Structure formats: structure tokens, C-alpha cells
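For reference, the structure is listed below as C-alpha cells.
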Amino acid sequence: MSEQGESVATTQWPGAFWRALRRLAPPDGLLMKTTELACYECDGLPLYRKRPQAVVLPRTRDQVGAILALCARYGVPVVARGAGTGLSGGALPHPEGIVLSLARLNRILALDPGNRVARVEPGVRNIAISEAAAPYGLFYAPDPSSQIACTIGGNVAENAGGVHCLKYGLTTHNVLGLTFFTADGTLHEIGGPTAEGPLDLLALLIGSEGLLGVVVEVTVRLRRKPPAALALLAAFSSVEEAATSVSAVIEAGIVPAGLELMDTLALEGAQAYTGIPYPPGSVAVVLAEVDGDPEGVALDAEVLRAVFARCGAFALEEAEGEADRRRLWLGRKSAFPAMGRIAPDYYCMDGTIPRKALVPVLAGIAERAQAAGLRVANVFHAGDGNLHPLILYDAKAPGALERVERLGGEILDLCLAAGGTITGEHGVGVEKLDGMCAQFTAAELAAFHALKTAFDPDHLLNPGKAVPTPARCVGAGGLHVHGGRLPFAHLERF
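In this note's numbering, the protein residues as written are 411 to 904.
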């Protein structure tokens, strides 16, 4: 172990590599001391930690390309990183590689209100786009709960959503073009109004978790701010009633801008954290928002009131003005950090299921949590079935981490059994590699690796993330392979 303040670089990479890296990085843009690297050991999933050889913070796209070309020449793994708010270990460093931080590429390059588009660098914070577009009556729709901190580059890597994704879509529905480097430092542009060809490479790059390229510019779609918006909070005496109301809203022909569910534990934490009171006796609440022209909002709100009453809501709150609407949403958007008020640690899951399966899957989560002796707070994008169960625990308790990880795996198994997936917007990273083994076949995994190889032949970009090798899956007992040698077994070295 290096002493505090010393460089942790090993002799694995020759001195010529380090000398070249120092020349390419900005004067204050190369971190190699233990004290400097400590905060880069993990992202928003601190269960997994590794220390990189170095962190590089370029200021220009040319520096990004040159650094990638250098790493490709010496075979050095590269993990691109934004704000580090990811929740699946997607930005976990490689111990033999570098972290390429894009936080300093944080300029809004152009904003075109006439065509409702903006060109931004990857280090621009999500909320900053809407703030810049606000004077023109425009906004950027995807709004993750971490939008005040998360960057657009990270949103692209994970295909982030947010509380308004039901109506306005995920990142992939709101990005028009990307400029990115492949691992060898070659610059590419895809998407945009002049895009041609039969392959939808834009959709392929969005959500690829940094495995295929390093994004240095994003062209986003801006939307007109609706003239009217109304938020309603319906309180229920059971989670089952609340979950049933979600499907009933969609069946009634309403597509809310947002449709979220919070259970008792989530409400307890949010109320303690924000001071916002919820109706006494609430076991679960559903927060719905409708927007558009005033007449349409009024009609939709009338339908929502009737649906919630029919499903058993015992209280209904409606926002009175913009400030009150923001107040209702504050509790939901603060739910994750609010867990610190009721537990020392939490583990955030991210499975997606059909809406019709909400009631049985939530019941299954409660049953398995009780058997494991753990508490689970549910707060999630109910409208599109994107669950975020928060497993509460104390990391200092003996055996707690093992029980938490086991319960997390059981929750993902429930999602798959219900016809869902192991992730909705947080990505696979390192957290859900074994879950990928359960969801995909050996042939499908081999196809994923072939695609990775087409973009990154030496597998230097974010190695060991998102797509497990079939050999790992066999070892985990989640995959059966016949016919001899496993495809891509050589990649196990990562």
C-alpha cells in the first residue's frame, strides 16, 4: 500500500507511457496520488471499490482523443466517468487502467430555440440544459432524481429516464446525435438531421455503458414547456390499492407526464428529510402529473380523481400553483438521499416489469425481504414499471452485505419471472453481471461480445462491465453451454 500522498502507479506500464500521458494531460489534469484517487474508487454504488492507476481530466475533445490513442498503443484499460452518480458500478475503475473524467468538458456549445435543439459537452449537468433553455420556453425532458448533479454523458451511457419519462421518454428518445471516440482515438459522428444508413447506431450507443466509445458531444431535443401542469397526490391504505391504481390510470386513456409510487418506508424517509407532510395513515401514495393545454389538463385531472377514488384513495391533494407542484415532487426526488434518515446504508435495485405485474411482484419483494430480515423501501417510476426497491441495512453488521446481495438477486429473479428485465435505467455495470446470465443465452452473450469487439477490438473501454462472458455465467450456475469451448472465454482476464 502506498503512503498517503505518494503515486500509486505501478511499473506495469513503461515510463514512456507515463511521460506521454503527462504531456497530453492539462497541467492540473493528471491525478496519481492516493489522496487524489480516493474519491474515484467507486461511483454511487460503494459496495464495489477499486483504485485506478491514475485519473485524467482533459479539457478538450482533442485531448480525449490523444489520450485514448496513447492508451490503445500501450494496451491500457480506460474507464470513462462523468459525475460518478451511477448506481451499478459502471464507473468502477480498472486497477490496471486509468479513469478518464469528462467533468471538465462542461460547455453548452450551442442552443437553437428555433429548431429546439442544443449541442452540449458530456460534462454538462442534466438540469443545466433546462436552465439554459428556460428563457425560450423550452426544457430537456429526461429528469433523473440526480439531475442537479448527473451529467448528460452519464445519462447517455445508461439511457437514463426520470420521473417524467412515461410521457416524454428516456434519453434515447431525446438525443438526436452523438460525437464520440472509439478506443483507438478515432472520432465519429452519428445521428442528426443528415443521418443515413440502415443501422441505428445512435440507439446502439445510448445505453452502451461506455463499452463502445467515449462521447464528447451530444445533440439533444428540447421540448416546449407545457402551458399548464397539475400534480395530484393520492394516498392509499395499502400498496396493492396504489399499484392497482397505476394500471387503472393507463387503462383510462391517460398518459401522465409522471406517475410515481412511494410506500410507507419511502414516505417516512422523505418526510423526515424534506419536512413535507403526507396524509396521516398513508401506506402508499401515487404522485401523478398531467400537462398540456389548460382545458386538456382539467379533463385529465377529472379522470384521475375518479380513477383514484375508485381504487380506494382515502385522500387526494392537488398542487395549487407552480411552487406547490414543485413541493409535491420534492419528496419523490429526495427519496434516495432521504433513506439516510432511517438506515445507515441502502442498496438501490433497478428492475423493470409489466405494469400488470406490479401487485404480485411488490408482494413477492415484501415476502422475501421479511424472510431475509431486511427492510425494503419502494419508490419507483410506476407508470412504466421501473422498480427501485431500496434495501436498507447496516454495512457494519456481520453478514449484512451477503444478505443484501442475495435479496437483490432474488428481486431481479422476480422481475425476470414476471416478464421484465434486470435493469431499466441504472445499467448493468458490475452489479448485475450475474443477472445478465439469467436473462440471456450463451449465443446472445456471444453476439454482444462480437458487437463490442467490432467497436473495441482489444476490449480496453470499461472492460469487465455490462456483458458477462459465458464462462462467468457457467461458473455462476446461470447458463448451460454445449459443444465445447466457450465463446470469448479469453476475455475472463478482465
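All residues carry an ideal CB built from backbone N, CA and C; glycine is no exception. Keep in mind that this is a model prediction, so the values were computed, not measured.
query	result
Close Cβ partners of ALA435 (< 6 Å) along its chain, the five nearest in sequence each way excluded	VAL466
Neighbourhood of ASN516 by C-beta distance below 7 Å, restricted to the same chain and skipping five residues each side	GLU531, GLY533 and VAL534
THR863 to HIS869 span [Cα, whole Å]	7 Å
Reference ARG514; option with closest CA among LEU614, ILE562 and ALA776	ILE562
Boundaries of the alpha helix (DSSP H) in which PHE724 is found, first to last residue	First-last for PHE724: undefined, no H or E at that position.
Collapsed DSSP secondary structure at ARG517 in the structure displayed	coil
Buried/exposed call for GLU661, threshold 16 Cβ in 10 Å	exposed
Where the alpha helix (DSSP H) containing GLY668 begins and where it ends	No alpha helix (DSSP H) holds GLY668; the beta strand (DSSP E) holding it covers 668-673.
Candidates ASN788, HIS836 and LEU510, of which the one nearest VAL907 by Cα	No answer is possible for residue 907: it lies beyond the span of the chain, which begins at 411 and ends at 904.
C-alpha gap between GLY809 and GLY668, whole angstroms	38 Å
ASP844 to PRO704 span [Cα, whole Å]	48 Å
Whole-number beta carbon distance between LEU621 and LEU822, since they are thought to touch under 8 Å	That pair is no contact at about 21 Å.
Residue span of the alpha helix (DSSP H) that contains GLY845, given as start and end	843-849
Proximity of GLU451 and PRO523 at Cβ, strictly below 8 Å	no
Counted within 10 angstroms of its Cβ, other Cβ atoms place ILE487 as buried (16 or more) or exposed	Note that residue 487 is Pro in the sequence shown, not Ile. By the 10 Å Cβ count, PRO487 comes out buried.
DSSP-derived helix/strand/coil call for GLU627	strand
Within 8 Å, strictly: CB atoms of SER556 and LYS842	no
From PRO687, ALA639 and LEU675, residue whose alpha carbon lies closest to that of GLU730	ALA639
Option nearest CYS883 by Cα separation, candidates ALA479, THR851, ALA680 and HIS798	THR851
Cut-off 7 Å between Cβ atoms - residues of its own chain near PHE591, not counting five sequence neighbours on either side	VAL474, GLY475, LEU478, LEU597, GLY623, VAL624 and VAL626
Inter-stretch contact (C-beta, 8 Å, three-pair minimum) for the region 798-814 and the region 780-788	yes
Touching by the beta-carbon criterion (3+ pairs, under 8 Å), the region 670-686 and the region 739-759	yes
When LYS443, VAL527 and HIS574 are compared against ALA698, the one with the closest alpha-carbon	HIS574
Buried versus exposed, by CB contacts within 10 Å (16 or more), SER655	buried
Check whether GLY507 and PRO437 have beta carbons under 8 Å apart	no
Rounded Cβ spacing between PHE746 and ALA694 (contact assumed at less than 8 Å)	At roughly 18 Å, the Cβ-Cβ gap does not stay under 8 Å, so PHE746 and ALA694 are not in contact.
Extent of the continuous beta strand (DSSP E) run through LEU640	638-646
Proximity winner among GLY818, ILE600, ALA716 and LEU642, relative to GLY761 (alpha-carbon distances)	GLY818
Residue burial classification, ARG429 (beta-carbon count within 10 angstroms, cutoff 16)	exposed
For ALA787: DSSP bridge partner residues	LEU800
Cα-Cα separation between ILE558 and VAL789, rounded to whole angstroms	19 Å
Span of the alpha helix (DSSP H), counted from its first residue to its last, around CYS452	Neither: CYS452 is in no alpha helix (DSSP H) and is coded neither H nor E.
Distance CB(ALA482)-CB(GLY595) smaller than 8 Å	yes
C-alpha distance - GLY494 paired with HIS836, whole-angstrom precision	12 Å
Limits of the unbroken alpha helix (DSSP H) element including THR444	444-447
Cutoff 8 Å: LEU622 Cβ touching any chain B Cβ	No chain B appears in the structure shown, which is made up of a single protein chain.
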